[in-house]
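Numbering (UniProt numbering), first residue to last: 1 to 356. Step one of this worksheet: look at the structure below.
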């Protein structure tokens with residue numbers, strides 16, 4: 001039996017959780033009072049050694065009485081630099097020693113604190129760092145929708161898999177899986193298909209309404225022209241032909257045939273009004289592209305097919321409960337959302353449950 005969901009844990013790239021990887025470099029130690037002069041002498045050389053791959057390393061490290069200046073991967077300095085350093089150091093030779101430094105840039109505060117103990121590093125705070133921290137209310141809200149997806153999966157899923165898609169905390173679509181009857185009918189695919197179906201109906205209604213307005217405007221224009229010339233038989237005949245031609249053109253332009261029967265028109269108008277009210281009260285925008293800015297709540301970690309479907313449909317965030325050890329695309333077998341080559345990325349969270 002599953003225990004209670006008590007929290008959410010963000011799924012970061014592997015680089016965010018790795019331990020320090022050390023490489024050997026060289027530095028020399030000098031007195032504090034000449035550190036600035038030595039740095040000015042070494043600045044261009046150090047930058048040429050470190051700029052491309054090791055720009056996260058600070059150029060110097062302060063100790064109690066001295067300053068250690070980083071050289072790079074090679075301990076052999078050009079002769080002219082050694083002479084200048086020796087001159088600044090009151091004629092004394094520069095002693096070069098071997099040290100260990102972090103090979104990679106720290107991506108979070110924990111790494112920064114640990115890796116800087118070997119050699120000082122820079123920590124460049126992510127611009128969206130604060131948005132990654134969920135409030136207690138947000139966590140409770142996400143857990144609520146997760147439980148809904150679990151209930152849907154248990155009730156309607158042939159493999160107890162469920163998916164809920166929300167926008168502004170409103171459920172837009174939900175589905176259980178139908179895998180036992182069709183191998184591609186995963187809950188995510190069916191839920192996205194439901195979103196597409198609803199959007200397609202909205203687009204069709206708006207298009208038809210626009211075409212009807214176009215047809216009505218053309219019809220009114222023709223009626224006015226006919227009334228202004230009704231006393232002229234010759235003009236009447238020519239206008240009849242002209243109107244027939246224009247009506248045919250307008251019908252072709254609008255790409256819709258309007259039934260002018262009063263009863264049918266009244267019935268269609270009533271249905272259109274009802275549909276228009278539903279659309280106006282809907283949280284779905286008429287220019288919405290599939291699942292843009294939607295949250296996806298899943299009972300299980302999605303496979304690669306479902307994960308790519310959510311990338312293509314522009315889901316904003318994916319929150320799942322159980323890991324999919326065999327085919328999981330966001331945690332177990334890969335981290336698709338972390339691929340820089342993709343043209344869309346979403347955040348991923350997995351549940352934290354109480355331990356027995």
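Glycine included, every Cβ here is placed at the ideal spot set by N, Cα and C. Predicted model, so just to flag it, every value in this text is computed and none were measured.
Residues bridged to residue 285 by DSSP? One-based indexing of the chain shown puts residue 285 at position 285. None; residue 285 has no bridge partner.
Those residues which DSSP pairs with residue 113 across a bridge: Your numbering for residue 113 matches position 113 in the chain shown. None; residue 113 has no bridge partner.
When you compare each of 319, 17 and 320 to residue 108 by their alpha carbons, which one comes out closest? As a first step, residue 108 is located in the chain shown; it is residue number 108 there, counting from the start. The residue with the shortest Cα to Cα distance from residue 108 is 17.
Count the other CB atoms within 10 Å of the CB of residue 28; is the residue buried (16 or more) or exposed (fewer)? Taking the chain shown and counting its residues from 1, the one referred to as residue 28 is at position 28. Answer is buried; the Cβ neighbour count reaches 16.
From the DSSP output, which residues share a beta bridge with residue 196? Position 196 of the chain shown holds residue 196. Answer by DSSP bridge pairing: none, since residue 196 is not bridged.
Between the C-alpha atoms of residue 102 and residue 348, what's the straight-line distance to the nearest angstrom? To locate residue 102, count along the chain shown from 1; it is residue 102. To locate residue 348, count along the chain shown from 1; it is residue 348. C-alpha separation (whole angstroms): 28 Å.
Between the stretch 144–158 and the stretch 56–63, can you find at least three pairs of beta-carbon atoms closer than 8 Å? no
Output needed for residue 4: all residues of its chain with C-beta closer than 7 Å, excluding positions within five of it in sequence on either side, in chain order. Here residue 4 refers to the residue found at position 4 of the chain shown. Closer than 7 Å at Cβ, skipping near neighbours: 353 and 354.
Option in 123, 39 and 125 with minimal Cα separation from residue 84: Counted from its first residue, the chain shown places residue 84 at position 84. That would be 39, whose Cα lies nearest to the Cα of residue 84.
Leaving out five residues on either side along the sequence, give the residues of the same chain with a beta carbon under 6 Å from the beta carbon of residue 14. Here residue 14 corresponds to residue number 14 of the chain shown, with the count starting at 1. Taken in chain order, the list of residues that qualify is empty.
Distance, residue 50 Cα to residue 82 Cα: Along the chain shown, one-based indexing puts residue 82 at 82. Along the chain shown, one-based indexing puts residue 50 at 50. Those two C-alpha atoms are separated by around 19 Å.
How big is the Cα-Cα spacing for residue 96 and residue 70? The residue labelled residue 96 in the question sits at position 96 within the chain shown. The residue labelled residue 70 in the question sits at position 70 within the chain shown. One C-alpha to the other measures close to 10 Å.
Residues sharing a beta bridge with residue 353, DSSP: Against the chain shown, residue 353 aligns to sequence position 353. DSSP lists 5 as partners of residue 353.
Determine, using beta carbons only, whether residue 191 and residue 174 come nearer to each other than 8 Å. As a working note, residue 191 is residue 191 in the chain shown. As a working note, residue 174 is residue 174 in the chain shown. The answer is yes: Cβ separation under 8 Å.
May I ask you to list the residues that DSSP assigns as paired with residue 99? Taking the first residue of the chain shown as position 1, residue 99 is located at position 99. Paired residues: 25.
Classify residue 288 as buried or exposed, calling it buried when 16 or more other Cβ atoms lie within 10 Å of its own Cβ. Indexing the chain shown from 1 puts residue 288 at position 288. Classification for residue 288: buried.
May I ask which residues mark the beginning and end of the beta strand (DSSP E) holding residue 300? For the purposes of this step, residue 300 is identified with residue 300 of the chain shown, where counting begins at 1. Looking at the DSSP string, the run of the beta strand (DSSP E) that includes residue 300 is 295–300.
Would you kindly report the start and end of the unbroken beta strand (DSSP E) that includes residue 165? For the purposes of this step, residue 165 is taken as the residue at position 165 of the chain shown. First-last of the beta strand (DSSP E) with residue 165: 162–167.
What are the start and end residues of the alpha helix (DSSP H) that includes residue 176? As a working note, residue 176 is residue 176 in the chain shown. No alpha helix (DSSP H) holds residue 176; the beta strand (DSSP E) holding it covers 170–176.
Using only the alpha-carbon positions, how far apart do residue 321 and residue 100 sit? Walking along the chain shown from the start, residue 321 turns up at place 321. Walking along the chain shown from the start, residue 100 turns up at place 100. One C-alpha to the other measures close to 41 Å.
Leaving out five residues before and five after residue 112 in sequence, what residues of the same chain have Cβ atoms less than 6 Å from its Cβ? Position 112 of the chain shown, counted from the start, is the residue given in the question as residue 112. Excluding positions up to five away in sequence, the list reads 106 and 123.
Skipping 5 residues on each side, what residues in its chain have a beta carbon closer than 6 Å to that of residue 313? Numbered from 1 along the chain shown, position 313 holds the residue referred to as residue 313. Cβ neighbours of residue 313 beyond the five flanking positions: 192, 290 and 291.
If I follow the unbroken alpha helix (DSSP H) through residue 153, where does it start and stop? As a working note, residue 153 is residue 153 in the chain shown. Its alpha helix (DSSP H) spans residues 136–156.
Residue 56 Cβ short of 7 Å to the ligand SAH heavy atom set: With respect to the ligand SAH, the structure offers nothing, as it holds no ligand at all.
Within its chain, find whatever has a CB closer than 8 Å to the CB of residue 10; leave out the 5 residues flanking it on each side and keep chain order. Numbered from 1 along the chain shown, position 10 holds the residue referred to as residue 10. Excluding sequence neighbours, residue 10 sits near 132, 347, 348 and 349.
Assumed close pair residue 306, residue 186 - CB separation to whole angstroms, cut-off 8 Å: Translated into the one-based positions of the chain shown, residue 306 becomes position 306. Translated into the one-based positions of the chain shown, residue 186 becomes position 186. Rounded, the Cβ-Cβ distance is 5 Å, consistent with contact.
Pull up the CB-CB distance for residue 298 and residue 188, whole angstroms please, since I reckon it's below 8 Å. Translated into the one-based positions of the chain shown, residue 298 becomes position 298. Translated into the one-based positions of the chain shown, residue 188 becomes position 188. Yes, they are in contact, since the Cβ atoms of residue 298 and residue 188 sit about 7 Å apart, within 8 Å.
Which two residues bound the contiguous beta strand (DSSP E) that contains residue 94? As a first step, residue 94 must be located in the chain shown, where it is residue number 94. Counting along the chain, no beta strand (DSSP E) covers residue 94, and no H or E run does either.
In the DSSP output, which residue or residues are listed as bridge partners for residue 30? Within the chain shown, the letter at position 30 stands for residue 30. Its beta-bridge partners are 67.
Using CA atoms only, rank isn't needed, just tell me which of 303, 155 and 296 is closest to residue 183. Along the chain shown, read from residue 1 onward, the residue named residue 183 stands at position 183. Per the Cα distances, 303.
Contacting residues, own chain, Cβ-Cβ under 6 Å from residue 35 (five flanking each side not counted): What you label residue 35 is simply residue 35 of the chain shown in a count that begins at 1. Taken in chain order, the residues that qualify are 67.
Starting from the N-terminal side, write out each stretch of the alpha helix (DSSP H) that is 4 residues or longer and does not extend beyond the stretch 296–339. 304–312
Contact defined as beta carbons within less than 8 Å: I believe residue 30 pairs with residue 89. What is the distance between those atoms, to the nearest angstrom? Locating residue 30 in the chain shown gives position 30, where the first residue counts as 1. Locating residue 89 in the chain shown gives position 89, where the first residue counts as 1. By a beta-carbon distance limit of 8 Å, residue 30 contacts residue 89. Their separation comes to about 6 Å.
On the DSSP letters alone, give me the boundaries of the alpha helix (DSSP H) that residue 61 sits inside. The residue labelled residue 61 in the question sits at position 61 within the chain shown. Note, residue 61: premise wrong, no alpha helix (DSSP H); beta strand (DSSP E) at 60–62.
Report buried or exposed for residue 311, applying the criterion of at least 16 other Cβ atoms within 10 angstroms of its Cβ. Numbered from its first residue, the chain shown carries residue 311 at position 311. With 16 or more Cβ atoms within 10 Å of its Cβ, residue 311 is classed as buried.
The alpha helix (DSSP H) enclosing residue 44, as first and last residue numbers: For the purposes of this step, residue 44 is taken as residue 44 along the chain shown, with counting starting at 1. Where residue 44 is concerned, the enclosing alpha helix (DSSP H) stretches over 35–50.
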